[in-house]
DNA sequence: TAGTTTGTTAAACATGCGTTCAAGATCGGA
DNA sequence: TCCGATCTTGAACGCATGTTTAACAAACTA
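Residue numbers (this note's numbering), protein chains in the order written: chain V, 75 to 288; chain R, 75 to 288.
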C-alpha cells in the first residue's frame, strides 16, 4: 500500500520529516534544526545526508513527484489523478504528501512548474479525446480551457486549509472531499447558469462567482 | 484612480516595498533589511515605523484587505470582484497587490481566512439570488458549490505565475486574463460534458479534468 | 581480528537575522 | 530664534541560522 515510503532508513525519516514541515510551513520557514528535531536526529546529520538544505528541498520535490507520477504497476505512467485519488483514500497516511503537493505550486520551484505544464498537456490530450468521441463539447480556446481546468483542480490542493475550515472540518476529510467532488461534477455537467439566461461578456475579473451583475 | 496608495510618506513607501517583496517571496523569506533596501531607507526605520516585522505584515494585510473591500464611492461595500477587476485593468500599477492577495491565501494568515470566509458568504448570497430569479440552476449542496466557486476564482490569483507561463506571457497580462475569463464563462454556461453522456459518480479526486475515465 | 568505511553527535564558526540604541538631521510651533 | 517632537541613520547586541569539523560508535571487509 505504501510503496517505498516506509524504507525505514534514517535518511528516509529525515526526508519525511522535511516533507511534513515544508508542506506545513513552507521551505523558507523550515530550518535544518527543526527538521532534525522532527526526525529525532541531530542537525549535522541532515546536512551529512543531503549536503545542504537546498538539496534536501530538491530531494523532497523529486520524491513527491516520483510518487505522484510513476505509481504502481497497471497505472499509466504519469497518471497523477489516480495517484492523488489513492492518497485521498488513505488520508492519515498521505495527508503530508497532499499538503506538500499543494505547496509545490505556490512556493515556486522548477519542479512545480514542470508538473503544472505536464498536467496541462495531459488535460489537453484528454479533452481532445473527449471532444473527438463526442462526450465533451468543444471550446473556442482549447488551451485556455485546459489551463483553467488544471488550475481549478489544483486549487483543491493549494487552498485545502480554507476548504476544510469552510466545510466545517479542521483538516482534510473524506466528507469534505466528496462534497467538493460532487459540486464539481454538477458544475462540469451543466454549468451554473440556466440555458435561457447567459451573461453577455465576461470581464477578466476573478471569475463569474462575484460577477453576477445582471 | 489610486485612492490613498500614493500618499508618498516614507511609511507608505516602506509598506509598499513590503507588499512587493512579501507578495513575491512570502513573508518568511522577506527580511527587514531587504524591505529597507527596496524602500531606500535603513533597517532601523522599518521597525521604527511599524514596531516589528510581524506588525508590518499585519499592516500590509490590513492595507490590502481595506483596499480590496472598502473601495470607492458607489461600490457596494465588500465588492471584492469589482476592486479586483479594477486592479486587473491597470496591471502595471496594481500587479503587486494582486500578487500579495494571492499570497494571502497560501501563507496562512487570519486575514486570509477571514477574507475567504467572507467571499464564501457573498458567493452564497449571490447564488441564492440567482437561483431565486431563475438565472442559476439550484445545487444539491449550495454551500459546497459556494466554496467551490470561491476556490476556483481564487486559484487565478494563487496560481497566477503558472497560468501566465502556460499561456505564453512571462507575467500577468490582459490577454491571458481575458482568455481565462472566456474559458470560465464557457464552463459556467454549459459545463464541459455533452448533455447525453454524463459520468456516473465523481470520486473525491483532484477534479474531473483527469477523471475522464470512460 | 584489524582496518576501513559509514552513521552519528556535539561543539564550533561565520553569517544574517530582528531589534535596540545613541546620535544626529529635520521640521513645526512658541 | 529656539525647542521639543518627529524622522532617520549606523552601529551594536543577542540570537538563530546553515554549515563545518573533530571525535566517536557501528558495521561491514579482508
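Just so it is clear, CB atoms sit at the ideal spot from N, CA and C, and this is done for glycine as well. Every value quoted in this text rests on a predicted model; they were computed, and no experiment measured them.
### Query
If you draw a straight line from the C-alpha of residue 122 of chain R to the C-alpha of residue 130 of chain R, how long is it?
11 Å
### Message
Between which two residues does the alpha helix (DSSP H) holding residue 235 of chain V run?
### Response
234-240
### Task
Check whether the Cβ of residue 97 of chain V lies closer than 7 Å to any Cβ atom in chain R.
Contacts with chain R at 7 Å (Cβ-Cβ) do not include residue 97 of chain V.
### Query
Hey, would you say the C-beta of residue 261 of chain V is under 6 Å away from at least one heavy atom of the ligand SAH?
What this structure holds is no ligand at all, so the ligand SAH is not there to describe.
#### Entry: Collapsed DSSP secondary structure at residue 210 of chain V in the structure displayed
strand
### Query
Residue range of the alpha helix (DSSP H) that residue 249 of chain R falls in?
248-264
### Task
Along the alpha helix (DSSP H) that carries residue 166 of chain R, what are the first and last residues, could you check?
165-178
### Message
Which residue wins for smallest C-alpha separation from residue 165 of chain V, given the options V:248, V:256, V:257, V:266?
### Response
Considering only alpha carbons, the answer is V:248.
### Message
Quick check on the DSSP output: the alpha helix (DSSP H) that includes residue 84 of chain R runs from which residue to which?
### Response
84-99
### Query
Can you name the residues of chain V whose CB is closer than 9 Å to the CB of residue 113 of chain R?
Within chain V, no residue comes near residue 113 of chain R; the closest Cβ sits about 21 Å away, beyond 9 Å.
### Query
To the nearest angstrom, how far is it from the Cα of residue 77 of chain R to the Cα of residue 133 of chain R?
Any reading at residue 77 of chain R needs caution, since the residue's pLDDT is 32, under 50, leaving its predicted position unreliable; the model's value is listed next. If you take the alpha carbons of residue 77 of chain R and residue 133 of chain R, they lie about 17 Å apart.
### Task
Could you tell me the distance, in whole angstroms, from the CA atom of residue 231 of chain R to the CA atom of residue 116 of chain R?
32 Å
### Message
One question on the structure: do residue 108 of chain R and residue 102 of chain V come within less than 7 Å of each other, judged by their Cβ atoms?
### Response
No, the pair does not count as a contact, with Cβ atoms beyond the cut-off.
#### Entry: Exposure of residue 128 of chain V, with buried meaning 16 or more beta-carbon neighbours within 10 Å
exposed
### Query
If you measure from the beta carbon of residue 94 of chain V to each beta carbon in chain R, is any gap under 7 Å?
No, residue 94 of chain V lies away from the interface with chain R (no Cβ there is under 7 Å from its Cβ).
### Task
Please check if any C-beta of chain R sits within less than 7 Å of the C-beta of residue 293 of chain V.
With chain V running from 75 to 288 in the structure shown, residue 293 of chain V is simply not present.
### Beta-carbon neighbours of residue 88 of chain R, restricted to chain V and to distances below 8 Å
Counting only Cβ-Cβ distances below 8 Å, residue 88 of chain R has no contacts in chain V at all, with the closest Cβ about 21 Å away.
#### Entry: Pick from R:142, R:157, R:241 that is closest to residue 220 of chain V, judged by C-alpha positions
R:241
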